[in-house]
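Data block below; observations after.
Number of protein chains: 2
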Amino acid sequence: MTHSEENYLKAIFHLSRQGTGTISTNAIAEQMDTKPSSVTDMLKRLSDKDLVNYKRYQGVSLTETGRYSALAIIRKHRLWEVFLVEKLDFTWDEVHEIAEQLEHINSEKLIDRLDALLGHPKFDPHGDPIPGKNGEFKERDKELLSKMPVGGKGVCVGVKDSSATFLKFLDKNQIALGQEIEVLDKEEFDNSMHIRIGEEQLLVSHQIASNLYLKPSEES
Amino acid sequence: MTHSEENYLKAIFHLSRQGTGTISTNAIAEQMDTKPSSVTDMLKRLSDKDLVNYKRYQGVSLTETGRYSALAIIRKHRLWEVFLVEKLDFTWDEVHEIAEQLEHINSEKLIDRLDALLGHPKFDPHGDPIPGKNGEFKERDKELLSKMPVGGKGVCVGVKDSSATFLKFLDKNQIALGQEIEVLDKEEFDNSMHIRIGEEQLLVSHQIASNLYLKPSEES
DNA sequence: ACAAATTTTTAGAATCGCCTAAAAATAATC
DNA sequence: GATTATTTTTAGGCGATTCTAAAAATTTGT
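Protein chains in written order, with numbering that gives the first Met the number 0: chain B, 0 to 219; chain V, 0 to 219.
Next comes the structure, spelled out in structure tokens:
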């Protein structure tokens, strides 16, 4: 499989997880920052290799093989992200680009060893689950901060938007994975929220609150 | 720079280090296991980018920029090799292939951090020197085992042939970097050598002895 | 349901990297 | 130094990946 094919599979996988139903050519083109005609070309090629189910004008879906391949790439991507953060002290906004390259390295042994070195992590630095060797993976029990009630408490377990700007904002305000957060109050006006982050207090916009995942504490 | 361009630069660099004088199209083709016509194509492209000095029918050499680029790739390759051996417990015969892929990852910060994680190593697992950030590197003081006198002693510091078969042979006989080796005797007949490896003794052929580098001990 | 808007596909071209076969230049030999 | 032999380059083609522009299919709006 070429790098490009791998990138397409990954994009299709991600779209099928979030989006609803079948995946359109345009959606893939947008996700990958390329032209729809290029997508059509590639879909034909992937279809020939039985990695996707594709009929013209009718959208795409991954085959069993395709899904498995996509998961293998995502596994590599996320393991490398953990490596970069844990072993090389990168911050969580820096790792995506580099992992985009590293995810294409081909060596099962390498990934197995890396997995072991890192202690078989289950989640990457953004809180996303790392698929196992056989492609199995479970979503974490999590809730958007914006949907939590006043008085609710939880631990930060991930982000929805993982753009560098958002992640840098979080860093600046000492919000990291594992950080405890409590909802102190909500503003009716714009749905912004007063939250407690450890010892600090902060007022965050609705847009921010709706991109941060918490694992709700038992008591709340 | 594409992966392929990087591979050509690396090949030209290696040929210019060992070979004598200018580098021929055929030599590159052989080194890279490709056809001479493909080499010519690439040389034109590299010349357009001022990475090599090339005039048709007259051989190639690296420009300053080309040499610098080649060294950067070799630096990455060798640092990754150290990483694979030191941190992921690979054996020295397994690392080359994987490092061939990893050497193309683009991120200066990544390499700097990796270098630091490994403690700024000066030599890779085969005893080859790792170029510094600015391309400077010094060859190690070393001698082929086959050229050492009877009674000579030294420490294994590298190999000339780094094929998997040779490296596996060395492993099997407990010959690793840092291992002390003494020349006990030479056979006139076929130039094979009786050597001591730690506590063990071994008879090695001339071919083997002429692919193993030792750093001679002061006394010998 | 039919025209308009949108989405998707085809057609044709460019670039990269490689190949084969043939031509051209250089090197070796007598 | 003329003829071989070798090396190197050109010419033309192929697969992969992308693009633009135009055509075809589908969806939407009224």
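Glycine residues also receive a C-beta, built at the ideal position from the N, C-alpha and C atoms.
Cβ distance (whole Å) where residue i is taken to contact residue j below 8 Å
i      : j      : result
V:L201 : B:L87  : Not quite, the Cβ-Cβ distance comes to about 41 Å (not below 8 Å), so this is no contact.
V:L117 : V:V81  : 5 Å
V:T24  : V:V38  : 5 Å
B:I72  : B:K9   : 5 Å
B:E181 : B:I194 : 6 Å
V:I97  : B:S106 : 5 Å
V:V158 : V:F165 : 7 Å
Start and end residues, beta strand (DSSP E) containing residue i
i      : result
V:P148 : It is not in any beta strand (DSSP E) - V:P148 carries neither H nor E in the DSSP assignment.
B:K214 : L211 to P215
V:Y67  : Counting along the chain, V:Y67 falls outside any beta strand (DSSP E), though it belongs to the alpha helix (DSSP H) covering E63 to E85.
V:H193 : M192 to I196
V:I180 : E179 to K185
B:N133 : Run containing B:N133: none; DSSP gives neither H nor E here.
B:E199 : E199 to V203
V:Y53  : V51 to Y53
Residue from the options with nearest C-alpha to residue i
i      : options                           : result
B:K132 : B:R74, B:L176 and B:S23           : B:R74
V:V156 : V:S145, V:P148 and V:D140         : V:D140
V:K151 : V:S162, V:D184, V:K108 and V:L169 : The sequence given here places Gly at residue 151 of chain V; Lys does not occur at that position. Closest option to V:G151, Cα to Cα, is V:D184.
V:K43  : V:E29, V:L61 and V:Q30            : V:L61
B:F122 : B:S162, B:F168, B:L176 and B:R195 : B:L176
V:S145 : V:K9, V:M0 and V:L213             : V:L213
V:H205 : V:A98, V:S216, V:N190 and V:Q30   : V:N190
V:M31  : V:K159, V:I104 and V:E99          : V:E99
V:S216 : V:V158, V:S161, V:P148 and V:L166 : V:P148
B:E102 : B:D49, B:H119, B:I129 and B:D92   : B:I129
V:E63  : V:F89, V:K167, V:F12 and V:I97    : V:F12
B:D49  : B:I104, B:A163, B:F168 and B:M0   : B:M0
V:D111 : V:T90, V:W79, V:V84 and V:F89     : V:W79
B:G18  : B:S46, B:V59 and B:F89            : B:V59
V:T90  : V:A163, V:S3, V:N105 and V:S46    : V:A163
B:E85  : B:S46, B:H119 and B:L45           : B:H119
Buried/exposed call for residue i, threshold 16 Cβ in 10 Å
i      : result
V:L211 : buried
V:S36  : exposed
B:G153 : buried
B:V51  : buried
V:G197 : exposed
V:M188 : One detail in the question is off: residue 188 of chain V reads as Phe in this sequence, not Met. Classification of V:F188: exposed, given that the 10 Å Cβ count is below 16.
B:E5   : buried
B:P124 : buried
V:Y56  : exposed
V:S219 : Caution applies to V:S219, whose pLDDT of 40 falls short of 50 and renders its modelled position unreliable; the model cannot decide the point.
B:R16  : exposed
B:D92  : buried
B:V203 : buried
V:H76  : buried
V:H2   : exposed
C-beta atoms of residue i and residue j nearer than 8 Å
i      : j      : result
B:L70  : B:G134 : yes
B:L109 : B:S209 : no
V:E199 : V:Q173 : yes
B:Y7   : B:M41  : yes
V:A28  : V:L14  : no
Residue i - containing alpha helix (DSSP H), residue span
i      : result
V:K152 : Per DSSP, V:K152 belongs to no alpha helix (DSSP H); it is in the beta strand (DSSP E), K152 to V158.
B:N6   : H2 to Q17
B:E107 : E107 to L116
B:Q30  : T24 to M31
V:K141 : No alpha helix (DSSP H) contains V:K141, which DSSP labels as neither H nor E.
V:S36  : P35 to D47
V:A175 : Counting along the chain, V:A175 falls outside any alpha helix (DSSP H), and DSSP gives it neither H nor E.
V:E99  : V94 to L101
B:K171 : A163 to K171
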